[in-house]
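Below is one structure, written out as structure tokens, with a few remarks after it.
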């Protein structure tokens, strides 16, 4: 039977960054776009219907965040992640990236250190640099094709006076779903040195069915921990353009400090569509998400089976997210030449690993959240390009 996610939907001329920015980013508007971390799948029909119903009302004025939205978030995390969130802990935010900027302003003074674990999502860097704080790198280590945290080095960073840790969990781009043991050890270190943890868990719902479930870090925390969790339905239900997220902040004083920053910047304004999509996804999107995760697992398995046969590419096996981290160092290109090879020879638009910082040189990030027919086409193009290079 044809699956709902097999439907190929034209995105050209919809102002979609993933498609309509190809010429600006890659110099070619014909490359197959497998880069920006949004999906080429229609959002759940329940969300589309709810948005259509709201759009049918011809007034789009200033919008309240109703209590039912908070409850949808609380119930989702209770059922899906066994995490009991108190209503008072929830602070709505305009997105996870703005929340990182706010966290830098709240918890570190200008010039003070914030720890990141590269290779990592580029806005982790920019949130620190643009707020005048100092990047402290605690690079991940790759052993036998699997990334791990360097906990001994993390402790050195904390001991040296870093004020904050930006944690990516599950990790983008390497696809790790951190274990309870790893997360507990991070908490022990940060607790010991008074480091605030901002845990970006935007991909929490996107773990492959055959891998360990995601562990919400807050479930392991004690009253002594300074932990703030950033969550959103945007990746889960493919609604990132609607721009609404939540911070879960158990400490009342920290909540007030975040609210003060958001108020000062006047960036808490929501719109009538973001609130509708947020609540509808968490209330009615479970079955769609379960089907999506099964589809992504099939996609992962098909793509990775073919990638393993390609000379010059080593695959980092993902546990979560819909992103593949490809080790292309065997192709013996520098980063600029590697990008040109993927664009000019393979006709593919991927994210260059170098943009993820330390440890990213020689890698490429591939987004596999597209219909299988599109992925098969992309993999075939890469196969042909590598075969031509090897002749």
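Numbering (the working numbering), first residue to last: -1 to 389. Virtual Cβ for every residue (Gly too), placed ideally from N, Cα, C. These numbers come from a predicted model, not from an experiment.
Residue 296: buried (16+ other C-beta within 10 angstroms of its C-beta) or exposed?
exposed
Alpha carbon to alpha carbon, what distance is there between residue 306 and residue 160?
Taken atom to atom, the span from the alpha-carbon of residue 160 to that of residue 306 is near 40 Å.
Cβ-Cβ separation, residue 373 to residue 301 (assumed contact under 8 Å), whole Å
6 Å between Cβ atoms; contact.
Near residue 37, which residues of its chain fall below 6 Å by C-beta distance, leaving aside the five closest residues on each side in sequence?
236 and 367
Check the DSSP bridge columns for residue 226 and list the partner residues they point to.
196
In the region 289 to 324, which residue ranges form an unbroken alpha helix (DSSP H) of at least 4 residues, counting only runs that do not cross its ends?
Taken in chain order, the complete alpha helix (DSSP H) segments of 4 or more residues contained in the region 289 to 324 number zero; there are none.
Relative to the C-alpha of residue 120, which residue among 320, 21 and 133 is closest?
133
Residue 97 - containing alpha helix (DSSP H), residue span
94 to 105
Chain-order list of residues whose beta-carbon lies under 7 Å from that of residue 94 (same chain, five-residue window excluded):
198, 200, 228, 230 and 243
If you measure between the beta carbons of residue 349 and residue 363, is that distance less than 8 Å?
yes
How long is the line joining the alpha carbons of residue 274 and residue 1, rounded to whole angstroms?
26 Å
What first and last residue would you give for the alpha helix (DSSP H) that runs through residue 263?
250 to 263
So, using beta-carbon positions, are residue 102 and residue 125 closer together than 8 Å?
yes
Using a Cβ-Cβ distance cut-off of 8 Å, determine whether residue 273 contacts chain E.
The question asks about chain E, but that chain is absent: this structure has only one protein chain.
Tell me whether residue 384 sits in a helix, a strand or coil according to DSSP, three-state version.
helix
What is the DSSP secondary structure of residue 351, counted as helix, strand or coil?
Residue 351 falls in the helix class under three-state DSSP.
Endpoints, the alpha helix (DSSP H) within which residue 72 is located:
65 to 79
Where residue 13 sits in the DSSP three-state scheme
DSSP places residue 13 in the coil class of the three-state scheme, outside both helix and strand.
Span separating the alpha-carbon of residue 33 from that of residue 351:
11 Å
By a C-beta neighbour count over all protein chains shown, 10 Å radius and 16 as the cutoff for buried, is residue 254 buried or exposed?
Around the CB of residue 254, fewer than 16 other CB atoms lie within 10 Å, so the residue is classed as exposed.
Which same chain residues end up closer than 8 Å to residue 99 when comparing Cβ atoms and leaving out the 5 residues on each side of it in sequence?
125, 128 and 129
Around the C-beta of residue 288, are 16 or more other C-beta atoms found within 10 angstroms, so that it is buried, or is it exposed?
exposed
Through-space distance from residue 335 to residue 22, alpha-carbon basis:
Cα to Cα, residue 22 sits roughly 18 Å from residue 335.
Is DSSP giving residue 41 helix, strand or coil here?
Here residue 41 sits in coil by DSSP.
Need the endpoints of the alpha helix (DSSP H) that residue 184 sits in, please.
178 to 191
Can you list, in chain order, the residues of its chain with a C-beta nearer than 7 Å to that of residue 319? Leave out the 5 residues immediately preceding and following it.
168, 170, 173, 201 and 204
In whole angstroms, give me the CA-to-CA distance for residue 322 and residue 316.
Residue 322 and residue 316: Cα-Cα distance of roughly 6 Å.
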